[in-house]
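Below is the structure:
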């Protein structure tokens, strides 16, 4: 597999949309306009057998009539016209054809035969196929999209491969809300030609991608996957949400993209053997990939817990234990430093209970990070200035609103400055910090600051503990694989 194929896919100089349409709502309309919006130096050609123009741009009846070279053809015509379109692509010398059209291997015997013929034309003509039954792809760093269902994806390090276009798009939308940046996304469809393993191998060497995430229904090249995954996870983490754990789920996967689901225990063993992190839900894949993209890997499993009260500390302790993490024994120097910060009634142990003095969060948090017995820190006391904003205006007298607002702004400024120091120490010491703010403050200043720095927050302690366990597992895998 040459990089030129993927360069033509993710950063083409010229694109033809075969089946480009003037009819609002049609795939050919949506995709052509999306490609056109991300042209910026690229040549974009609408191909339509009947129209002389598409949205005011000169159209061509066949891709062979396009005046210049075509790196990428996006095929949106009905299935009965796809083979003819591919023959034209071969004649034109198109490098990659992305088939959006469905009705192939996932649609019964006739579709299977149609898919077989499409692959034969492509292979004989020397072009590569994405799909069929794809929902497009994007490259955030090149600002190039063929999928019309997402826009404005922030540049980042997470590359996503999805065997379900809808599911992949939902993952990205949710990830953007969480503040996660992406490098590339591809809806691989039926993988009649280019397979999951091809995309995985490419992203392994892609300098824009630091973490690879994937939604998988089934793998077609098991032995190759083992080889590529093993090589990839030594360079960058791979996080996979594998569907079809149950018999019913496996059957649904096959009917969706003609995936070869296989026995779930075989996938479990393959992932463990190759260092792939397996997750079970959308939030978990995003929590984990987002943490891997920004947080350092822990050197061990010992957690320091900071809380504003006793109850959350107990819950956090249980969650860590269930996830296979350990509660760190704080060193005597750390206890002594905390004694100087906290009231005498604090319990002098881990979890560090600030006994309601949440204004002391950041001195305590910075102290915990420095403890040599602590590999990672959980802070259950963050964002309280924003939390106050959500409720205090409801009961404070109107003539005090101005003073309260100024107080909250000052507290937000102080908290953002303190969080900046925490992030700096996290990076310097190589210790991940997990933050658990109160709910309902996502759009306020402190949380926006964290998102801008790629720092995720977690809606539950259990989610954070699960993610830290994944990071610890991966760190241990890397340590074991480096051993002689």
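Residue numbers (our numbering): 1467 to 1950. For every residue, glycine included, the Cβ atom is placed at its ideal position computed from N, Cα and C.
Residue range of the alpha helix (DSSP H) that residue i falls in?
| i | result |
| --- | --- |
| residue 1582 | 1575-1591 |
| residue 1681 | Run containing residue 1681: none in the alpha helix (DSSP H); it sits in the beta strand (DSSP E), 1677-1682. |
| residue 1831 | 1827-1836 |
| residue 1806 | 1798-1807 |
| residue 1556 | 1548-1558 |
| residue 1758 | 1748-1760 |
| residue 1501 | 1493-1503 |
| residue 1732 | 1730-1740 |
| residue 1695 | 1688-1699 |
| residue 1669 | 1662-1671 |
Along the beta strand (DSSP E) that carries residue i, what are the first and last residues, could you check?
| i | result |
| --- | --- |
| residue 1605 | 1603-1605 |
| residue 1743 | 1743-1745 |
| residue 1685 | That residue, residue 1685, is in no beta strand (DSSP E); it is neither H nor E in DSSP. |
| residue 1708 | 1704-1708 |
| residue 1539 | 1538-1541 |
Where residue i and residue j are concerned, what is the direct C-alpha to C-alpha distance, given to the nearest angstrom?
| i | j | result |
| --- | --- | --- |
| residue 1513 | residue 1490 | 16 Å |
| residue 1804 | residue 1830 | 7 Å |
| residue 1756 | residue 1630 | 20 Å |
| residue 1825 | residue 1880 | 10 Å |
| residue 1683 | residue 1662 | 10 Å |
| residue 1486 | residue 1581 | 22 Å |
| residue 1895 | residue 1876 | 29 Å |
| residue 1564 | residue 1540 | 5 Å |
| residue 1868 | residue 1878 | 15 Å |
| residue 1901 | residue 1544 | 49 Å |
| residue 1573 | residue 1567 | 12 Å |
| residue 1940 | residue 1766 | 11 Å |
| residue 1949 | residue 1762 | Unreliable placement is indicated for residue 1949, whose pLDDT of 41 sits below 50; the coordinate value is still reported in the next sentence. Each residue's alpha carbon lies about 21 Å from the other. |
| residue 1747 | residue 1707 | 7 Å |
| residue 1591 | residue 1534 | 19 Å |
| residue 1520 | residue 1511 | 9 Å |
| residue 1642 | residue 1616 | 10 Å |
| residue 1915 | residue 1828 | 16 Å |
| residue 1732 | residue 1679 | 20 Å |
| residue 1542 | residue 1509 | 18 Å |
| residue 1652 | residue 1562 | 14 Å |
| residue 1818 | residue 1779 | 8 Å |
| residue 1883 | residue 1832 | 13 Å |
| residue 1507 | residue 1469 | 21 Å |
| residue 1722 | residue 1730 | Bear in mind that the predicted position of residue 1722 carries a pLDDT of just 46, short of 50, making it unreliable; the figure below should be weighed with that in mind. Looking at the two C-alpha atoms, the distance is approximately 18 Å. |
| residue 1474 | residue 1538 | 6 Å |
| residue 1594 | residue 1834 | 53 Å |
| residue 1681 | residue 1628 | 5 Å |
| residue 1578 | residue 1570 | 6 Å |
| residue 1522 | residue 1488 | 9 Å |
| residue 1524 | residue 1665 | 34 Å |
| residue 1709 | residue 1744 | 10 Å |
| residue 1921 | residue 1837 | 21 Å |
| residue 1886 | residue 1912 | 11 Å |
Assuming residue i and residue j make a contact with CB atoms under 8 Å, what is their CB distance in whole Å?
| i | j | result |
| --- | --- | --- |
| residue 1657 | residue 1686 | 6 Å |
| residue 1782 | residue 1844 | 6 Å |
| residue 1501 | residue 1483 | 6 Å |
| residue 1649 | residue 1625 | 5 Å |
| residue 1955 | residue 1814 | Residue coverage of the chain in this structure runs from 1467 to 1950, which leaves residue 1955 outside it and unanswerable. |
| residue 1820 | residue 1847 | 6 Å |
| residue 1602 | residue 1759 | Going by Cβ atoms, the distance from residue 1602 to residue 1759 rounds to 23 Å, so no, they are not a contact pair. |
| residue 1754 | residue 1696 | The pair is not a contact, with the Cβ atoms about 19 Å apart (cut-off 8 Å). |
| residue 1536 | residue 1560 | 5 Å |
| residue 1638 | residue 1619 | 6 Å |
| residue 1822 | residue 1904 | Not confirmed; about 14 Å, so no contact. |
| residue 1897 | residue 1842 | 6 Å |
So who's on the other strand from residue i, going by DSSP bridges?
| i | result |
| --- | --- |
| residue 1845 | 1772 and 1901 |
| residue 1921 | Residue 1921 is not bridged to any residue. |
| residue 1819 | 1773 |
| residue 1653 | 1628 |
| residue 1480 | 1509 |
| residue 1595 | 1563 |
| residue 1792 | 1768 |
| residue 1610 | 1605 |
| residue 1621 | 1648 |
| residue 1524 | 1519 |
Does the distance between the C-beta of residue i and the nearest non-hydrogen atom of the ligand NAP fall short of 6 Å?
| i | result |
| --- | --- |
| residue 1738 | Of ligands this structure carries none, so the ligand NAP is not represented either. |
| said: Quick test of the definition: if touching needs 3 or more C-beta pairs under 8 Å, does the segment 1769-1789 touch the segment 1733-1751? | reply: For the pair of segments examined, the segment 1769-1789 was found not to touch the segment 1733-1751: the number of CB pairs separated by less than 8 Å stays below three.
| task | Count the C-beta pairs between the segment 1468-1482 and the segment 1604-1623 that are closer than 8 Å, then say yes if the count reaches three, no if not. | result | Contact between the segment 1468-1482 and the segment 1604-1623 is present: 3 or more CB-CB pairs across the two stretches fall below 8 Å.
| On the three-pair Cβ rule with 8 Å, is the segment 1570-1588 touching the segment 1611-1628? | Taking a cut-off of 8 Å for Cβ pairs, the segment 1570-1588 and the segment 1611-1628 do not touch, as fewer than three such pairs fall below it.
| message | Quick check: the segment 1521-1529 against the segment 1544-1556, are at least 3 beta-carbon pairs closer than 8 Å? | response | Three or more beta-carbon pairs drawn from the segment 1544-1556 and the segment 1521-1529 are found closer than 8 Å, and the two stretches are therefore classed as touching.
| message | With three or more C-beta pairs closer than 8 Å as the rule, is the segment 1664-1680 touching the segment 1695-1702? | response | Judged by Cβ distances under 8 Å, the segment 1695-1702 makes contact with the segment 1664-1680, as three or more pairs qualify.
| query | Looking at C-beta atoms only, is the number of pairs between the segment 1780-1796 and the segment 1933-1945 that lie closer than 8 Å three or more? | reply | Three or more Cβ pairs drawn from the segment 1780-1796 and the segment 1933-1945 lie within less than 8 Å of each other, which places the two stretches in contact.
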